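Each residue of the sequence shown is one higher than the last, beginning at 26 in our numbering.
Written below as structure tokens is the structure these notes are about.
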Amino acid sequence: MTIEVFNAWANRYFLSIVVILALSACDDKTPNKMLDEQHYQLLQMTQRDEFDEKLLNQTLQSTHLATQQAALRALVQLANHDAANKAQAFLHHEQVALRELAALALGASRDERWVPSLRSQFEREQSAAAAHQQLLALGQIGGASALQLINQVLTSDRSLAQRSSAAQALGILLTWTDTRALDLSTIAVGDLLNMAQTSGPESIAAAFALSRITQSINGYQESSLTSAIKSASNPRAQALLIRAWARFTHRQDYAAILPLLRHSAAAVVIESARALTPFVANPKVAQALLEVYQSADETVQGEVLTSLLSSKDNRVVAPLIYPALLNENVWQTGIALDWLAQQRPQEALAAALKVNAKAPRWLQVKALQIVSQTDPAKLKSQLSELQVAAHDPIYRYFIEPKTSEDNSEQVKRRPLPPLAELQLAQGARIRLTTVRGDIILQLAPQAPVNAAHLYALVTQQKIVGSVFSRVIANFVAQGGDTLGNGMGQVDYQLRDEWSLLGHRAGTVGIASRGKDTLGVQFFINLADNLHLDGRYTVVAQVVSGMDVATQLQMGDAVLAAEIIQ
């Protein structure tokens, strides 16, 4: 393949991903036309967790593609054997869009009985998009037969796009399914390493798969991995390869990672700092990390500080811990408090008692947690110092006794909004104003119920004041927390709405604690998080302000939120 041909292919492949992420593709038509009365009846059916054979037959046999798609999405949501059985017939449909959704429904069932059907259709599949979903479905289901086919594709002369899909499917299989009975020595690590060094999007899929391998495999040597890291031309793939090295059981060649602390891509620096944490006792490593800490931006500094504070050498820690406590960057203050809480509880208590009402909400919560764990008798006085009213959820969280009812998993399902409300949210844009700047989201038609919920939270001003309580650089920035400690939620739950949209950088997902436990918290993908596909709902896409999103820090609040379209 000439470089011109390869570049043309890469451009077409990249554009196909963009089209999917642009909330279009074959999965949806124009927003208001897509949501009609029949679609609403299907949403009511899934809300009740019922399998309405008559309604499904009627909608699946419709002459309108959008109605058939809505019916198949309902089968994806039901995610049981009956739903998969109904969807299975559409694996062979002439419409590519329906074959894609049928594969998604079979994958959602997590049932190995559908592996033969998926394998059979994949062998004859002519559409790259449908083949992609069939491979991902095999990864979601897992098992020896699925692994065998995925490996066959990786080592075959099939198109680079299909081998890329197989790499992602392998990563998903290794992440979510039980692999204890599988022979992982058959994994084609050589092919993955070669693919990870290319410049196209397939490099990310291959590096992702390698980052999910947790056991020693024949032919998978540290030297071959570090060689791939040095040769990788895609920084996002390089960051994942460093993550793969960090999971290597007996890694020793930290010298191969040290130069990457000076890389121009923040993702590479962040993953390098994390990977070098076990070697921080080495003076060369500690010095290199310290130099980065002194010159990097705030996001990188937090990660490097965490690595440095893992040192057992007081000569490394002492000059850092107390300046971090007083740092204007409160993220570093929180990191220092966490370290003191683990290593020097009484000093942590003293520092926590100095946190006042002017501190960010999340830092107040962290201080209260330290006080409650170290000296509970001082908790009420600290609550008073922070001017927390008795009706404040923070007060109730720390003071009111926890009862069996508090720990109940019986949370009610949020009622399905009227059709008009769902239609109103279709494709709408939301502006979130933070201290770092504005982030504009476009709601995804593929998740109508969760999109309408986020729309309602904005119009009711329930998102204003919530914080990004979980920010992991090069992974996600999770917001919507109304409590400030990661526990802020609503007293109801929503169902998952898995779709063909992938969790690429800039997409917005809904956090959950398991299937159909979605609530108020959302997360912005700061990187391509391929393992989340088919497991977490994509509700929106960042269309402006991604540079702001990557600078978010733990505790940053939503200062304002509004619908702008």
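Every residue, glycine too, gets a C-beta built ideally from N, C-alpha and C.
What you are looking at is a predicted structure, and each value in this text was computed from that prediction instead of being measured.
(request) Flag this pair as yes or no: are the beta carbons of V294 and L286 separated by less than 7 Å? (result) By 1-based counting over the sequence shown, the position of residue 294 is 269. By 1-based counting over the sequence shown, the position of residue 286 is 261. Taking 7 Å as the Cβ cut-off, V294 and L286 qualify as a contacting pair.
(request) Put A230 into one of helix, strand or coil per three-state DSSP. (result) Stepping through the sequence shown from its first residue, residue 230 is reached at position 205. A230: helix per DSSP, three-state reduction.
(request) Just tell me which of T274, P260 and N259 has its CA closest to the CA of I238. (result) Residue numbering aside, residue 238 sits at position 213 when the sequence shown is read from its first letter. Answer by Cα proximity: T274.
(message) So the candidates are H416, L441 and A298; which of them puts its Cα closest to the Cα of H64?
(response) The residue given as residue 64 occupies position 39 in the sequence shown. Residue L441 is the option with its Cα nearest to H64.
(request) Ignore the nearest five residues each way along the sequence and tell me which others in L593's own chain have a CB closer than 6 Å to its CB. (result) The structure shown does not extend to residue 593, since the chain spans only 26 to 590, so no value can be given for it.
(request) Whole angstroms is fine: what's the gap from F493's alpha carbon to Q357's? (result) Counting from one through the sequence shown, the residue named residue 493 turns up at place 468. Counting from one through the sequence shown, the residue named residue 357 turns up at place 332. Cα to Cα, the separation comes out at about 15 Å.
(message) Can you tell me which residues form a DSSP beta bridge with Y517?
(response) For the purposes of this step, residue 517 is taken as the residue at position 492 of the sequence shown. According to DSSP, Y517 bridges with K437.
(request) May I have the straight-line CA-CA distance separating G570 from G544, to the nearest angstrom? (result) Taking the first residue of the sequence shown as position 1, residue 570 is located at position 545. Taking the first residue of the sequence shown as position 1, residue 544 is located at position 519. If I take the Cα positions, the gap works out to 24 Å.
(message) Whole angstroms are fine: how far does the CA of S406 sit from the CA of P473?
(response) Translated into the one-based positions of the sequence shown, residue 473 becomes position 448. Translated into the one-based positions of the sequence shown, residue 406 becomes position 381. If I take the Cα positions, the gap works out to 46 Å.
(message) Using CA atoms only, rank isn't needed, just tell me which of P401, R276, G527 and S537 is closest to N550.
(response) Taking the first residue of the sequence shown as 1, we reach residue 550 at position 525. Checked all of P401, R276, G527 and S537; the closest Cα to N550 is G527.
(request) Following the continuous alpha helix (DSSP H) through L67, name the residue where it begins and the one where it ends. (result) For this step, residue 67 is matched to residue 42 along the sequence shown. Segment E62 to Q72, the alpha helix (DSSP H) holding L67.
(request) Could you tell me if K391 is buried or exposed, where buried requires 16 or more neighbouring beta carbons within 10 angstroms of its beta carbon? (result) Within the sequence shown, numbered from 1, the residue matching residue 391 stands at position 366. Under this definition K391 is a buried residue.
(request) Return the CA-CA distance between G359 and L388, expressed in angstroms with no decimal places. (result) Indexing the sequence shown from 1 puts residue 359 at position 334. Indexing the sequence shown from 1 puts residue 388 at position 363. If I take the Cα positions, the gap works out to 7 Å.
(request) Look at the alpha carbon of K403 and the alpha carbon of P385, and state the distance between them as a whole number of angstroms. (result) As a first step, residue 403 must be located in the sequence shown, where it is residue number 378. As a first step, residue 385 must be located in the sequence shown, where it is residue number 360. Rounded to whole angstroms, K403 to P385 spans 20 Å at the Cα level.
(request) With a 10 Å radius around its C-beta and 16 neighbouring C-beta atoms as the bar for buried, classify N82 as buried or exposed. (result) Position 57 of the sequence shown, counted from the start, is the residue given in the question as residue 82. Flag for N82 reads exposed.
(request) Examine the Cβ distances between the stretch 571 to 579 and the stretch 367 to 381 and report whether three or more of them are shorter than 8 Å. (result) no
(message) Please give the ranges of any alpha helix (DSSP H) in the stretch 339 to 399, keeping only runs that are unbroken, at least 4 residues long and fully inside the region.
(response) 339 to 350, 355 to 368, 370 to 377 and 386 to 399
(message) Quick test of your reading: A536 and Q503, contact by CB under 8 Å. State the CB separation rounded to the nearest angstrom.
(response) Numbered from 1 along the sequence shown, position 511 holds the residue referred to as residue 536. Numbered from 1 along the sequence shown, position 478 holds the residue referred to as residue 503. Confirmed, about 6 Å.
(message) Short of 6 Å in beta carbon distance, which residues of its chain neighbour A586, apart from the five on each side in sequence? Order them along the chain.
(response) Mapped onto the sequence shown, residue 586 falls at position 561. The residues are L457, V483, I488 and V489.
(request) For K111, count neighbouring Cβ atoms within 10 angstroms of its own Cβ and tell me buried if that reaches 16, exposed if not. (result) As a first step, residue 111 must be located in the sequence shown, where it is residue number 86. Counting Cβ neighbours within 10 Å, K111 comes out buried, since at least 16 surround it.
(message) In the DSSP output, which residue or residues are listed as bridge partners for E587?
(response) Residue 587 sits at position 562 when you count from the first residue of the sequence shown. E587 is bridged to R456.
(message) Per the DSSP calculation, R495 is bridged to which residue(s)?
(response) Within the sequence shown, numbered from 1, the residue matching residue 495 stands at position 470. R495 is bridged to Q503.
(request) Inspect the CB distances between the stretch 176 to 189 and the stretch 136 to 145 and report whether three or more fall short of 8 Å. (result) no
(message) If I measure Cβ to Cβ from R299 and keep anything under 7 Å in the same chain, skipping five residues before and after, which residues do I get?
(response) Residue numbering aside, residue 299 sits at position 274 when the sequence shown is read from its first letter. Excluding positions up to five away in sequence, the list reads A271, E328 and S332.
(message) Taking its Cβ as the centre, do 16 or more other Cβ atoms sit within 10 Å of T88, making it buried, or is it exposed?
(response) Residue numbering aside, residue 88 sits at position 63 when the sequence shown is read from its first letter. Label assigned to T88: exposed.
(request) Pull up the distance between the alpha-carbon of L46 and that of L525, whole angstroms please. (result) Mapped onto the sequence shown, residue 46 falls at position 21. Mapped onto the sequence shown, residue 525 falls at position 500. Unreliable positioning characterises L46 in this predicted model, as indicated by a pLDDT of 45, which lies under 50. A coordinate reading is not provided.
(message) Taking 6 Å as the limit between beta carbons, can you name the residues of its chain near V101, skipping five residues before and five after?
(response) Working through the sequence shown from its first residue, we reach residue 101 at position 76. The answer, listed in chain order, is L129, A130, A133 and W523.
(request) Could you tell me the boundaries of the alpha helix (DSSP H) in which Q177 lies? (result) Your numbering for residue 177 matches position 152 in the sequence shown. Counting along the chain, the alpha helix (DSSP H) containing Q177 begins and ends at A169 to L179.
(request) Determine the direct distance from the alpha carbon of L334 to that of L195, and round the result to whole angstroms. (result) Numbered from 1 along the sequence shown, position 170 holds the residue referred to as residue 195. Numbered from 1 along the sequence shown, position 309 holds the residue referred to as residue 334. Answer to the nearest angstrom: the Cα atoms are 35 Å apart.
(message) Using only CA atoms, which one of A445, R495, D463 and N499 lies nearest to A481?
(response) Start at 1 with the first residue of the sequence shown, and residue 481 comes out as number 456. When only C-alpha atoms are compared, the closest one is A445.
(message) For I455 and T324, what's the separation of their Cα atoms in angstroms?
(response) The sequence position of residue 455 within the sequence shown is 430, counting from 1. The sequence position of residue 324 within the sequence shown is 299, counting from 1. In a straight line, the C-alpha of I455 is about 25 Å away from that of T324.
(request) Could you tell me which uninterrupted alpha helix (DSSP H) segments, each at least 4 residues in length, are contained entirely in the stretch 277 to 329, listed from first to last along the chain? (result) 291 to 300 and 308 to 320
(request) Report the option in D541, L179, L374 and A213 whose CA atom is closest to the CA atom of Q246. (result) Locating residue 246 in the sequence shown gives position 221, where the first residue counts as 1. Ranking the options by Cα distance to Q246, first place goes to A213.
(request) State buried or exposed for T20, treating a residue as buried only when at least 16 other CB atoms are found within 10 Å of its CB. (result) What the structure shows of the chain is the stretch from 26 to 590, and residue 20 is not part of that stretch, so it cannot be assessed.
(request) Could you tell me the distance, in whole angstroms, from the CA atom of R476 to the CA atom of L163? (result) Locating residue 476 in the sequence shown gives position 451, where the first residue counts as 1. Locating residue 163 in the sequence shown gives position 138, where the first residue counts as 1. The sequence given here has Ala at residue 476, not Arg. Whole-angstrom Cα-Cα distance: 28 Å.
(request) Taking S21 as part of the beta strand (DSSP E), name the residues at either end of that continuous run. (result) Nothing in the structure corresponds to residue 21, since the chain is present only between 26 and 590.
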